[in-house]
Amino acid sequence: MKQYTKRTILVGFAFLSICAFWQMYNSVIPLVLTNTFHMNEMLSGVIMAADNILALFLLPLFGSVSDRCRSPLGKRMPFIVFGTAAAVVLMLFLPILDNSYYTSPAAWKLALFVGILLLLLIAMGTYRSPAVALMPDVTPKPLRSKGNAIINLMGAVGGILYLIIASVLYSAKRTAGLEHVNYFALFAIVAGIMIVAVLVVFSTIHERTIEKEMQAYETAHPEENLAEKTEGGKEILPPEVKKSLAFLLLSIAFWFIGYNAIETWFTTYANRVWHMSLGSASVCLTIATLGAIASYLPVGSVASKVGRKKTILFGVILLTACFLTAYIYTLFANGFSPVLYVLFVLIGLAWASINVNSLPMVVEMCKGSDIGKFTGYYYTFSMAAETVTPIAAGWLLRNVSYDSLFLYAAFFTGLSFVTMQFVKHGDSRTIGKKGLEAFDVD
202 MKQYTKRTIL
212 VGFAFLSICA
222 FWQMYNSVIP
232 LVLTNTFHMN
242 EMLSGVIMAA
252 DNILALFLLP
262 LFGSVSDRCR
272 SPLGKRMPFI
282 VFGTAAAVVL
292 MLFLPILDNS
302 YYTSPAAWKL
312 ALFVGILLLL
322 LIAMGTYRSP
332 AVALMPDVTP
342 KPLRSKGNAI
352 INLMGAVGGI
362 LYLIIASVLY
372 SAKRTAGLEH
382 VNYFALFAIV
392 AGIMIVAVLV
402 VFSTIHERTI
412 EKEMQAYETA
422 HPEENLAEKT
432 EGGKEILPPE
442 VKKSLAFLLL
452 SIAFWFIGYN
462 AIETWFTTYA
472 NRVWHMSLGS
482 ASVCLTIATL
492 GAIASYLPVG
502 SVASKVGRKK
512 TILFGVILLT
522 ACFLTAYIYT
532 LFANGFSPVL
542 YVLFVLIGLA
552 WASINVNSLP
562 MVVEMCKGSD
572 IGKFTGYYYT
582 FSMAAETVTP
592 IAAGWLLRNV
602 SYDSLFLYAA
612 FFTGLSFVTM
622 QFVKHGDSRT
632 IGKKGLEAFD
642 VD
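Numbering (our numbering), first residue to last: 202 to 643.
Okay, here's the thing in structure tokens:
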């Protein structure tokens, strides 16, 4: 199994670069829009939401397009290489325009900044699905939960790497008293990380060779292909598999609606209800993230033994219970208690149990040539949820009560438990060592 672990780590460098970029984008761009260009929160919020809206169309589109790519470099590599190259070039213009506008404001600079930002989001959207689809491309179906755990861990490394760099370059001591902060160094370093990460993937992952290996594996294990052939020789999913896929995608939307509501609104909620500062509230989210990171590999290993569906259901039950506990706590307590840190560790464990196994369940239901398209399905439903829930939860907080946040989240994660009962396909299968060893690559 070691060659699959090594291969997945190498593939994970693509996701590391993506996560480093988005961590920077979500942290810095709102500051630039509000501080340099003096946009109000609503207008800057609309621009920040553009990535989710574009993702609804770009991720499934380029996932499907990459499935049909027959480049000498492979199916996914052209999108990863050229998407990264375009993103790196475009992103370096942003701090230059930011600095130029601060020195000499002009409407055309703002228009150019927004235009480049849009092109940058398109460039990033062209290769996210192909980059994520590369993991199931090079990993046998029974090992994909472990593979996805490694991919998530690599993504977390990318995010943490950015946070360390940002904290060193832009500490309070360095930025105190500055009227304008120059972010060019940060953008340049992240661009360098993206280039190095993609060079690692490009130089070590030979798609064409691995594709032949995986085709041989699929031929030796026809029982893992859930598609059926029509009289004309076309492969289609049976109705019962389509039903499982539909309910799985609904489940994905529901648990993202619940979890992302907490991610989006927790700091505001904690300030209003628990009287916490931004820093103190952020500690809770950091603990949840660390809990998830610590759980990725163990959860992937457990799922390979007890099954993905059971592991996801465990995560859904635990996540719903944690949200309900937080809601009940709010009814009877005034302010934050350090005991709640344990709750956030459990939230991280629950989310890892769900997140590590959901994508592998989706791509389990497709044949190898459709992995990009099915990865796109996964992102369509998750990104749609992440687009809708900040608005829906925000309306609820404003018009009903801030106390309703955890109840709202618990309702939707609980609803995903119901829809998961109708998912009968996509679970991991146990295969003997002999079957895998037959396709080992030294």
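For every residue, glycine included, the Cβ atom is placed at its ideal position computed from N, Cα and C. Please read all numbers here as calculations on a predicted model, not as lab measurements.
Contact under 8 Å by Cβ, residue i with residue j
i: Asp268; j: Gly627; result: no
i: Ile219; j: Arg375; result: no
i: Tyr302; j: Thr237; result: yes
i: Leu322; j: Ala251; result: yes
i: Leu544; j: Phe618; result: no
i: Tyr418; j: Ile488; result: no
i: Thr469; j: Ser483; result: no
i: Leu449; j: Val563; result: yes
i: Lys347; j: Gly501; result: yes
i: Thr521; j: Ala611; result: yes
i: Ile390; j: Ile406; result: no
i: Leu157; j: Val358; result: Nothing in the structure corresponds to residue 157, since the chain is present only between 202 and 643.
i: Asn227; j: Thr588; result: no
i: Ala386; j: Leu370; result: yes
i: Leu519; j: Leu547; result: yes
i: Leu319; j: Leu295; result: no
i: Gly480; j: Leu260; result: no
i: Pro561; j: Arg345; result: yes
i: Thr490; j: Val503; result: no
Close Cβ partners of residue i (< 6 Å) along its chain, the five nearest in sequence each way excluded
i: Ala639; result: For Ala639, the predicted structure reports a pLDDT of 35, less than 50, and the residue's modelled location is therefore unreliable. The matter cannot be settled from this model.
i: Gly636; result: In this predicted model, Gly636 has a pLDDT of only 40, less than 50, meaning its place in the structure is not dependable; the value taken from the coordinates is given anyway. If we look at Gly636 and ignore the five residues flanking it on each side, it has no Cβ neighbours.
i: Lys625; result: Ser445
i: Asp604; result: Thr531
i: Phe607; result: Phe524, Ala527, Tyr528
i: Leu335; result: Val212, Arg277
i: Lys510; result: Asp628
i: Ala454; result: Phe582, Ala586
i: Thr590; result: Ile458, Asn461, Ala462
i: Asp299; result: Val233, Thr237
Proximity winner among the options, relative to residue i (alpha-carbon distances)
i: Val382; options: Ile297, Thr468, Cys270; result: Ile297
i: Gly459; options: Thr487, Leu541, Leu438, Ala593; result: Ala593
i: Ala551; options: Leu560, Val563, Ser496, Ala585; result: Ser496
i: Gly356; options: Trp223, Ala504, Ala454; result: Trp223
i: Gln622; options: His476, Leu451, Ile488; result: Leu451
i: Ile494; options: Tyr363, Ile352, Ser372; result: Ile352
i: Ile394; options: Met292, Val601, Phe575; result: Met292
i: Trp456; options: Leu400, Phe388, Thr620; result: Thr620
i: Leu364; options: Ser481, Ala377, Asn300, Phe388; result: Phe388
i: Trp466; options: Gly359, Trp596, Arg509; result: Trp596
i: Cys485; options: Phe613, Met566, Gly549, Ser554; result: Gly549
i: Val517; options: Thr588, Ser559, Thr405; result: Ser559
i: Ser505; options: Ala350, Ser481, Met566, Leu260; result: Ala350
i: Met249; options: Val315, Arg345, Arg271; result: Val315
i: Ser602; options: Arg473, Pro539, Ser554, Pro261; result: Arg473
i: Leu354; options: Val557, Thr576, Ser404; result: Val557
i: Leu598; options: Ile463, Val507, Leu274; result: Ile463
i: Val660; options: Ser481, Phe533, Thr490, Ser554; result: Outside the modelled stretch of the chain, which goes from 202 to 643, sits residue 660, for which no answer is possible.
i: Thr285; options: Met477, Cys567, Ile396; result: Ile396
i: Met477; options: Ala307, Ser368, Pro539; result: Pro539
Range of the contiguous alpha helix (DSSP H) that encloses residue i
i: Val382; result: Premise fails: Val382 is in no alpha helix (DSSP H) and is neither H nor E.
i: Trp475; result: From DSSP, Trp475 is part of no alpha helix (DSSP H); its letter is neither H nor E.
i: Leu354; result: 345-370
i: Asp338; result: 308-338
i: Ile592; result: 572-600
i: Ser538; result: No alpha helix (DSSP H) holds Ser538; DSSP gives it neither H nor E.
i: Phe607; result: 606-621
i: Thr531; result: 509-533
i: Ile411; result: 408-421
Bridge partner(s) assigned by DSSP for residue i
i: Ser272; result: Gly275
8 Å Cβ shell around residue i - same chain, five flanking residues per side excluded
i: Asp338; result: Lys276, Arg277, Glu408, Ile411, Glu412, Met415, Gly569, Ile572
i: Ile632; result: Residue placement at Ile632 is flagged as unreliable, the pLDDT there being 46, under the threshold of 50; a coordinate-derived value is accordingly withheld.
i: Ile529; result: none
i: Thr614; result: Phe455, Trp456, Gly459, Tyr460, Val517, Leu520, Thr521, Phe524
i: Ser272; result: Met278, Pro279
Own chain, CB closer than 7 Å to residue i, minus 5 neighbours either side, in chain order
i: Lys634; result: Summary for Lys634: the model assigns pLDDT 44, below 50, so the residue's position carries little reliability; its value from the coordinates is reported in the next sentence. Nothing meets the Cβ criterion.
i: Ala392; result: Val289, Met292, Leu293
i: Pro331; result: Phe263, Gly264, Ser267, Arg277, Phe280, Ile281, Gly573
i: Trp475; result: Gly536, Phe537
i: Ala215; result: Ile281, Ala332, Leu335, Ala398, Val399, Val402
i: Ala256; result: Gly326, Tyr580, Met584
Min CB distance residue i to chain B below 8 Å
i: Phe280; result: Among the chains in the structure shown there is no chain B, since it carries only a single protein chain.
Distance cut-off 7 Å: residue i Cβ against heavy atoms of the ligand FAD
i: Arg509; result: Inclusion of the ligand FAD in the displayed structure is not the case, the ligand content being empty and no account of it being possible.
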